[in-house]
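Below you'll find the structure, written out as structure tokens, and then a few comments.
Numbering (my numbering), first residue to last: 246 to 547.
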């Protein structure tokens, strides 16, 4: 019995129903990845006895295969030709893993590995389905600042390109790190010629003094958030920076001397009290002006 024809190959995949191992793997666009399909260590196989098939689970696209005494791979789909390989030495050890080169977004699929033994009446030896998740980093967002600060409504545009999978876009009020209402934004997400996603988000918001906002591009698969800020008002052009009320050098000096004078007075009073009360006061705990009170930390700032 020969199993070299594509029709019989597809028939085997559709008719055999046995327990199948399920696995998942992630890969970056442009990288190489291994889809694991292996028997326990110590297994040995004769390459003249085993038939190995790799194909996509849903479309039944032929990825690669091994047929005894047949080196032709004419039935491999053009998308995977010269990109999907198995190791003959590995197969002899029971490792039928697939090495996939130069991963593309179109490779995000379920891949089925099936191994049959001719000597066992073409009984299934191994069946594995590997789900491949593909990802690509988005570019750092570029946020435009409104050119007309006198308008009552301000329009911001956030752009990021060449990422995968489809992103989530958020606008943030960086004053308190709260999310702005998504009804205020209009997102356009589309696939470019590389099969990657580009995104343009337009935010329209009422003008307020010193508005400080940020645009966040979230890649869920990579657990990655890229955030860039943009300010309006007197601080246009500053990004991701906490601004405080400015204090002049003279004012700082006057405040410093005032604090020192008060401290000196308190020290003198404490010494006088200690001299008069002597041991009775020394034996009692005192936590007045000398108590250390930590300054409250600013919360909600980035």
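Using N, Cα and C, we set each Cβ at its ideal position, and we do this for glycine too.
Which ranges would you report for the beta strand (DSSP E) in the stretch 323-352 if only whole runs of at least 3 residues count? Listed in chain order, the complete beta strand (DSSP E) runs (minimum 3 residues) inside the stretch 323-352 are 343-345.
What's the C-alpha gap between residue 359 and residue 416? Each residue's CA atom was taken as its position, placing residue 359 and residue 416 some 47 Å apart.
Work out the CA separation of residue 461 and residue 433 for me, nearest whole Å. The straight-line gap from Cα to Cα measures roughly 15 Å.
Would you identify the three-state DSSP class for residue 427, choosing helix, strand or coil? In the three-state reduction of the DSSP assignment, residue 427 falls in the helix class.
Quick check on the DSSP output: the beta strand (DSSP E) that includes residue 312 runs from which residue to which? From DSSP, residue 312 is part of no beta strand (DSSP E); its letter is neither H nor E.
Terminal residues of the continuous beta strand (DSSP E) containing residue 549? Since the first residue shown for the chain is 246 and the last is 547, residue 549 is missing from the structure and cannot be characterised.
Ignore the nearest five residues each way along the sequence and tell me which others in residue 441's own chain have a CB closer than 8 Å to its CB. The residues are 274, 350, 381, 406, 407, 408 and 409.
Comparing C-alpha positions only, which one of 467, 418, 464 and 469 sits nearest to residue 450? For the residues 467, 418, 464 and 469, the minimum Cα distance to residue 450 belongs to 418.
Does the beta-carbon distance from residue 471 to residue 373 come in below 9 Å? Not closer than 9 Å, so no.
If I measure Cβ to Cβ from residue 398 and keep anything under 8 Å in the same chain, skipping five residues before and after, which residues do I get? Closer than 8 Å at the Cβ level, and outside the excluded window around residue 398, lie 449, 450, 451 and 452.
Which one of 454, 303 and 379 has the shortest CA to CA distance from residue 396? Ranking 454, 303 and 379 by Cα distance to residue 396 puts 454 first.
Below 8 Å, how does it come out for the stretch 333-345 and the stretch 289-299: are there three or more Cβ pairs, yes or no? Contact between the stretch 333-345 and the stretch 289-299 is present, because at least three Cβ pairs lie under 8 Å.
Could you name the residues of the same chain whose beta carbon sits closer than 6 Å to that of residue 363, not counting the 5 residues immediately before and after it, in chain order? Closer than 6 Å at Cβ, skipping near neighbours: 294.
Straight-line Cα distance separating residue 467 from residue 368: Answer to the nearest angstrom: the Cα atoms are 40 Å apart.
C-beta atoms of residue 548 and residue 330 nearer than 9 Å: Beyond the ends of the chain as shown, which are 246 and 547, falls residue 548; an answer cannot be given.
Looking only at DSSP bridge pairs, what is residue 399 linked to? Residue pairing for residue 399: DSSP places it in a beta bridge opposite 450.
According to DSSP, is residue 407 helix, strand or coil? Correct three-state label for residue 407: strand.
If you drop the 5 nearest sequence neighbours on each side, which residues of the same chain put their C-beta closer than 7 Å to that of residue 379? Closer than 7 Å at Cβ, skipping near neighbours: 272, 274, 348, 350, 352, 353 and 409.
Got a sec? Which residues, its chain only, sit under 8 Å from residue 301 by beta carbon, not counting five neighbours each side? The answer, listed in chain order, is 308, 354, 355, 356 and 357.
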